[in-house]
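S.K.:
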Amino acid sequence: MAVANGGYYTWGSRIEPAAIVGTCHNPPMQWTEPAVYFMCGLASRVRRRGRSTALRYPAMVYDKAKWHSDGDFPKGLPYENGGTHVGMFLAWVINHGMAGPDLTDEAASDLEEVRQRRLTGRTVLFNHLDGVLSDEDLNDEGNAFAKHYYQKYQGEYDALIRRKLKTAYHASDDWATYDMVAAMIDRAYSEFRKASGGPKAG
Numbered sequence: 002m003a004v005a006n007g008g009y010y011t012w013g014s015r016i017e018p019a020a021i022v023g024t025c026h027n028p029p030m031q032w033t034e035p036a037v038y039f040m041c042g043l044a045s046r047v048r049r050r051g052r053s054t055a056l057r058y059p060a061m062v063y064d065k066a067k068w069h070s071d072g073d074f075p076k077g078l079p080y081e082n083g084g085t086h087v088g089m090f091l092a093w094v095i096n097h098g099m100a101g102p103d104l105t106d107e108a109a110s111d112l113e114e115v116r117q118r119r120l121t122g123r124t125v126l127f128n129h130l131d132g133v134l135s136d137e138d139l140n141d142e143g144n145a146f147a148k149h150y151y152q153k154y155q156g157e158y159d160a161l162i163r164r165k166l167k168t169a170y171h172a173s174d175d176w177a178t179y180d181m182v183a184a185m186i187d188r189a190y191s192e193f194r195k196a197s198g199g200p201k202a203g
């Protein structure tokens, strides 16, 4: 239990300044060991397989499927469709060797299934990442590119899919869609590398 005490929280036998435990506007949290916690609304996400639940700094989140499926989302579609575009980007990352070391270790066989086109990036997103794409899931090159492009990617993906479908959420989670999206990401990555000084991932 974390208890406020003159600007400090007690954590078991340890005392931590409140500023370290968290400075968000939420009330003090109850802690358990192992702890899974939220700081200022950002999840210190614990993957479903093999990940320690020890206290960690919160990840920088690029996107969450639930941000879409819980928002202005078409009726009648499965909630997984809120993560299709995230899964497409993740599949591209996997195919270009930019997955982070933790994801590579924890989901090696499924990542190979993606490369062999027997599993989609969206499946990996939900099975291993709880529908959340963060900086923990990419390596240094992947994060450099995602920080540069991911926000723009969402707009470009929406425009690309809406050429033929009512909304981007109606896109099929299949390899025909992926090939179309991947060509778009390839062009953006090529421009990113030119601006950054040369080729890297294949």
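Just so it is clear: in the sequence shown, position 196 is 197 by the working numbering, and no numbers are missing. Glycine included, every Cβ here is placed at the ideal spot set by N, Cα and C. Please read all numbers here as calculations on a predicted model, not as lab measurements.
1) Go ahead and label MET61 buried or exposed: buried means 16 or more other beta carbons lie within 10 angstroms of its beta carbon, across all protein chains shown.
2) Got a sec? Which residues, its chain only, sit under 6 Å from LYS165 by beta carbon, not counting five neighbours each side?
3) Taking its Cβ as the centre, do 16 or more other Cβ atoms sit within 10 Å of ALA92, making it buried, or is it exposed?
4) Taking the C-alpha atoms as reference points, what is the distance between ASN82 and TYR158?
5) Check whether the segment 116 to 130 touches the segment 144 to 159, taking contact to mean three or more Cβ pairs, one atom from each stretch, closer than 8 Å.
6) Would DSSP call ALA108 helix, strand or coil?
7) Express the C-alpha separation of GLU113 and LEU120 in angstroms, rounding to a whole number.
8) Quick check on the DSSP output: what are the complete alpha helix (DSSP H) runs of length 4 or more inside the segment 62 to 113, in order along the chain?
9) Beta-carbon within less than 7 Å of ALA108's beta-carbon, same chain only, minus the 5 sequence neighbours each way: which residues are those?
10) Out of curiosity, what's the CA-to-CA distance linking ARG205 and LYS195?
11) With burial defined as no fewer than 16 other Cβ atoms inside 10 Å of the residue's Cβ, what is the status of ASP110: buried or exposed?
12) Kindly indicate the opening and closing residues of the alpha helix (DSSP H) around LEU161.
13) Tell me whether the segment 97 to 106 and the segment 131 to 150 touch, counting them as touching only if at least three CB pairs, one residue from each stretch, are closer than 8 Å.
M.R.: Checking against the coordinates, here is how it stands:
1) As a working mapping, residue 61 is identified with position 60 in the sequence shown. Exposed, since its Cβ has fewer than 16 Cβ neighbours within 10 Å.
2) The residue given as residue 165 occupies position 164 in the sequence shown. Same-chain partners within the cutoff: there are none.
3) The sequence position of residue 92 within the sequence shown is 91, counting from 1. That one is buried.
4) Here residue 82 is taken as the residue at index 81 of the sequence shown, counted from 1. Here residue 158 is taken as the residue at index 157 of the sequence shown, counted from 1. Cα-Cα distance, rounded: 14 Å.
5) Taking one beta carbon from each stretch, the segment 116 to 130 and the segment 144 to 159 have fewer than 3 pairs nearer than 8 Å; the two do not touch.
6) Taking the sequence shown and counting its residues from 1, one reaches residue 108 at position 107. In this structure, ALA108 counts as coil in the three-state DSSP scheme.
7) Residue numbering aside, residue 120 sits at position 119 when the sequence shown is read from its first letter. Residue numbering aside, residue 113 sits at position 112 when the sequence shown is read from its first letter. Between LEU120 and GLU113, the C-alpha separation is close to 9 Å.
8) Fully contained in the segment 62 to 113 are the following alpha helix (DSSP H) runs of length 4 or more, in chain order: 66 to 70, 85 to 96 and 102 to 107.
9) Looking up residue 108 in the sequence shown gives position 107. The answer, listed in chain order, is VAL125 and HIS129.
10) No statement about residue 205 is possible, as the shown extent of the chain runs from 2 to 203 and does not include it.
11) In the sequence shown, the residue the question calls residue 110 occupies position 109. The amino acid occupying residue 110 in the given sequence is Ser; Asp does not appear at that position. With fewer than 16 other Cβ atoms within 10 Å, it is exposed.
12) In the sequence shown, the residue the question calls residue 161 occupies position 160. For LEU161, the uninterrupted alpha helix (DSSP H) run begins and ends at 141 to 162, by DSSP.
13) Touching, yes, given that three or more Cβ pairs across the two stretches are closer than 8 Å.
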